[in-house]
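Each step along the sequence shown adds one to the number in the UniProt record's numbering, with nothing skipped, and position 24 is 24.
In this text, a Cβ means the ideal position worked out from N, Cα and C, and glycines have one as well.
Computed from a predicted structure; not experimentally measured.
Everything below concerns the one structure shown next.
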Amino acid sequence: MRPIRKLEVSTGNYPGDAHCKIDELLDSKEALKRFKEEFKKRNIEISALSCHGNPLHPEESIARNHREITRKTFVLANRLGIERVALFSGCPGDSDSSKYPNWVTCPWPEDYSKILKWQWEEKVIPYWQKEAKFAQEQGIEKICFEMHPGFIVYNPETLLKLREAAGKAIGANFDPSHLFWQGIDPIAAVRRLKGCIYHVHAKDTKIDAHNTSVNGVLDTKSYGDEINRSWIFRTVGYGHDASFWKYFISTLRLCGYDYVLSIEHEDSLMSANEGFQKAASFLKEIILKEKQVKCGGHKMSLPQWLKK
């Protein structure tokens, strides 16, 4: 069975636009048609467009560019018939005169609590209320926020806070790799986010027990300094074994998610090709391929020969 049926395609911002030149596709019907045909002839669909950036960046030129790409991505998704766009929430600075983002991680001294309140009330909620409305006008009902440290939405609580303020179009692009090192149990997080998980990344994290026991999990060392870091990103199966991933996938289904596992490669110990091949092979053996059916009050999957 061919395991790769859908692709997540980046339109720009931090991930770049190597495979999707958004201005060309929006300006030319012929280019858009060719783009669609490339996927059709390979029998591959697009699971989501992604435009991970920081539209709340205090440096106006950066914010403006990221906002433009985000809006264009909503428009392109509409023209392609794609209902999901994956992105980051962004992170403001501590004031209108800031130059760099300020990610608040503690309530004291009180300066930090004041910053956080200002960020949410003056920047985050107003912006995403407006953008959620724009996205929905384009037919996009699933805005998939990756909960990522360094940005205002980084855990289930902050995701749900934004969802409450900006509406049900706000959901999760659930990537467990960013939760492991925060001490969050991805299984518990999936249950908490039942009904608002719209897309899932398949990426792992390995916690280094020795380094963590000395320095904790907050680590600003380069991702290339693997041997000294408290944790590093890994290909699925190299941070947590198959038993975790089976439990994770099963819990996703229990909570109503039965869509893609989008392989994301950030394993600095493997080439992109090897990491992708290993991840695809690993997941192929544990994903749930057949739909559930009710039988005698219980849910079960019928074997193929019974469906004939």
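For R67, the three-state secondary structure derived from DSSP is helix.
A straight line joining the alpha-carbon of G256 with that of Y154 spans about 22 angstroms. Going by DSSP, N273 is part of no beta strand (DSSP E) but of the alpha helix (DSSP H) stretching over A272 to K284.
For I184, same chain residues with a beta-carbon under 7 angstroms away, outside a window of 5 residues either side, are N155 in chain order.
Taking 8 angstroms as the upper bound for CB-CB distance, A165 and Q129 are in contact here, some 7 angstroms apart. In the three-state reduction of the DSSP assignment, S28 falls in the coil class. As summarised for the stretch 127–210, the continuous beta strand (DSSP E) elements at least 3 residues long and confined to that stretch are 142–146, 170–174, 197–202 and 204–207, given in chain order. Spanning the alpha carbons of F88 and E141 requires a straight line of approximately 16 angstroms. For the pair D27 and D17, the Cα-to-Cα distance works out to about 16 angstroms.
Nearest to H265 by C-alpha distance, out of E60, D204 and N228, is D204.
N43 and R5 have their C-alpha atoms roughly 7 angstroms apart.
Approximately 4 angstroms separates the beta-carbon atoms of N78 and Q138; this is inside 8 angstroms, confirming the contact. F151 is a Cβ neighbour of C91, given a cutoff of 9 angstroms.
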